[in-house]
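>
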Ligand code: PEP
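Residue numbers (the numbering used here): 1411 to 1652.
Spelled out as structure tokens, the structure:
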């Protein structure tokens, strides 16, 4: 499995800023061999970014989609609209969607099924809050998110990616230790049974990416803040992996 490095731009960068960012990223990243590099801009930038990234090393992801293909869902985006402009990946269940926008395991399950049906590769995010970790409930929470989110779905390599993102490590500058992350990844892998790419996310930066990706259970990283800085993201893309 090739290592995957994905950059989630969240609600940052208007179309003009996105164009400039992707152009600088391409210049800073240069040639990429045997790594999958995905950028995940906001919806309004997808078309612009997809055009610039066509035939380059960059793949495009979206930050969300609706589970229905079309209809009376004001303010939502269909996965079919995404595939029609060259988007290949979609984040499903990012903790900001779960915790700020109230997305439930059941909603995420429907989204995952639709993404699979229409050929979008989901990056399905799971992770515990700080309180849940302190209460020793990490495995219970992850298991619930996996079982409910993946009900009726067999995740397989190339069709779905799972991202372990401890909520307490996202945008906080706190990172799970490589051992903490490795242990949860092993737990997820055991539960999934079939081979699947599992990413770590949570305050990954150029200084900690190497030690995180050195963990044998970790197949890549999902990067937020550091993906907005081309030079930082390029360094993460090129970290040495033993
Ligand atoms: C994320 O947005 O998925 C994320 C991990 O953010 P950050 O790297 O800023 O913690």
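Every residue, glycine too, gets a C-beta built ideally from N, C-alpha and C. Please read all numbers here as calculations on a predicted model, not as lab measurements.
For residue 1420, count the other beta carbons within 10 Å of its own beta carbon; 16 or more makes it buried, fewer makes it exposed. Which is it?
As a position in the chain shown, residue 1420 is number 10, starting the count at 1. Flag for residue 1420 reads buried.
> Are there three or more Cβ pairs, one per stretch, closer than 8 Å when the segment 1538-1556 is compared with the segment 1573-1587?
In short, these stretches touch, since the Cβ pair count reaches three.
> Kindly indicate which three-state DSSP category residue 1458 falls into: helix, strand or coil?
Locating residue 1458 in the chain shown gives position 48, where the first residue counts as 1. If DSSP states are grouped into helix, strand and coil, residue 1458 belongs with the helices.
> Between residue 1548 and the rest of its own chain, which residues show a CB-CB distance below 7 Å, the 5 nearest in sequence each way excluded?
By one-based count along the chain shown, residue 1548 stands at place 138. Cβ neighbours of residue 1548 beyond the five flanking positions: 1538, 1542, 1594.
> Tell me which residue opens and which closes the alpha helix (DSSP H) that residue 1600 is part of.
Working through the chain shown from its first residue, we reach residue 1600 at position 190. Element bounds for residue 1600: 1588-1602.
> Is the beta carbon of residue 1471 sitting closer than 8 Å to the one on residue 1500?
In the chain shown, counting from the first residue as 1, residue 1471 sits at position 61. In the chain shown, counting from the first residue as 1, residue 1500 sits at position 90. Yes.
> To test your reading of the DSSP string, which unbroken alpha helix (DSSP H) runs of 4 or more residues are found completely within the segment 1529-1595?
Runs of the alpha helix (DSSP H) inside the segment 1529-1595: 1540-1544, 1548-1559.
> Whole angstroms are fine: how far does the CA of residue 1640 sit from the CA of residue 1435?
In the chain shown, residue 1435 corresponds to position 25, counting from 1. In the chain shown, residue 1640 corresponds to position 230, counting from 1. Near 5 Å, if we compare the C-alpha coordinates of residue 1640 and residue 1435.
> Give the C-beta separation of residue 1607 and residue 1411 to the nearest angstrom, bearing in mind that I take them to be a contact with Cβ-Cβ under 8 Å.
The residue labelled residue 1607 in the question sits at position 197 within the chain shown. The residue labelled residue 1411 in the question sits at position 1 within the chain shown. Going by Cβ atoms, the distance from residue 1607 to residue 1411 rounds to 5 Å, so yes, they are a contact pair.
> Can you tell me which of the three DSSP states residue 1509 falls into?
Position 99 of the chain shown, counted from the start, is the residue given in the question as residue 1509. Helix, per DSSP.
> Around the C-beta of residue 1423, are 16 or more other C-beta atoms found within 10 angstroms, so that it is buried, or is it exposed?
Position 13 of the chain shown, counted from the first residue, corresponds to residue 1423. Its Cβ being crowded by 16 or more others within 10 Å, residue 1423 is buried.
> Cβ-heavy atom distance between residue 1422 and ligand 1 below 7 Å?
Taking the first residue of the chain shown as 1, we reach residue 1422 at position 12. Not under cutoff, so the answer is no.
> Apart from the five residues on each side of it in sequence, which residues of its chain come closer than 7 Å, Cβ to Cβ, to residue 1413?
In the chain shown, counting from the first residue as 1, residue 1413 sits at position 3. Correct list, in chain order: 1445, 1623, 1629, 1630, 1651.
> Exposed or buried, which one is residue 1558 when buried takes at least 16 other CB atoms within 10 Å?
Start at 1 with the first residue of the chain shown, and residue 1558 comes out as number 148. Exposed, since its Cβ has fewer than 16 Cβ neighbours within 10 Å.
> Hey, out of 1456, 1612, 1418, 1448, whose CA is closest to residue 1581's CA?
In the chain shown, counting from the first residue as 1, residue 1581 sits at position 171. Of the candidates 1456, 1612, 1418, 1448, the one whose C-alpha sits nearest the C-alpha of residue 1581 is 1612.
> Go through its chain and collect everything with a Cβ distance to residue 1441's Cβ below 8 Å, but skip five positions before and after it.
Numbered from its first residue, the chain shown carries residue 1441 at position 31. For residue 1441, where only same-chain residues beyond five positions count, the Cβ hits under 8 Å are 1467.
> Note down the Cα distance separating residue 1465 from residue 1496, rounded to an integer number of angstroms.
Taking the chain shown and counting its residues from 1, the one referred to as residue 1465 is at position 55. Taking the chain shown and counting its residues from 1, the one referred to as residue 1496 is at position 86. Rounded to whole angstroms, residue 1465 to residue 1496 spans 11 Å at the Cα level.
> Can you tell me whether residue 1510 sits near ligand 1, meaning its C-beta is under 7 Å from at least one heavy atom of the ligand?
Walking along the chain shown from the start, residue 1510 turns up at place 100. No, the Cβ of residue 1510 stays beyond 7 Å of every heavy atom of ligand 1.
> Can you give the Cα-Cα distance for residue 1488 and residue 1525, rounded to whole angstroms?
For the purposes of this step, residue 1488 is identified with residue 78 of the chain shown, where counting begins at 1. For the purposes of this step, residue 1525 is identified with residue 115 of the chain shown, where counting begins at 1. Each residue's Cα considered, the two are about 10 Å apart.
> Please indicate yes or no: does the CB of residue 1611 lie closer than 7 Å to some heavy atom of ligand 1?
In the chain shown, the residue the question calls residue 1611 occupies position 201. True, at least one ligand heavy atom lies under 7 Å from that Cβ.
> Identify which residue in 1614, 1462, 1428, 1433 has its Cα closest to the Cα of residue 1453.
Taking the chain shown and counting its residues from 1, the one referred to as residue 1453 is at position 43. Ranking 1614, 1462, 1428, 1433 by Cα distance to residue 1453 puts 1428 first.
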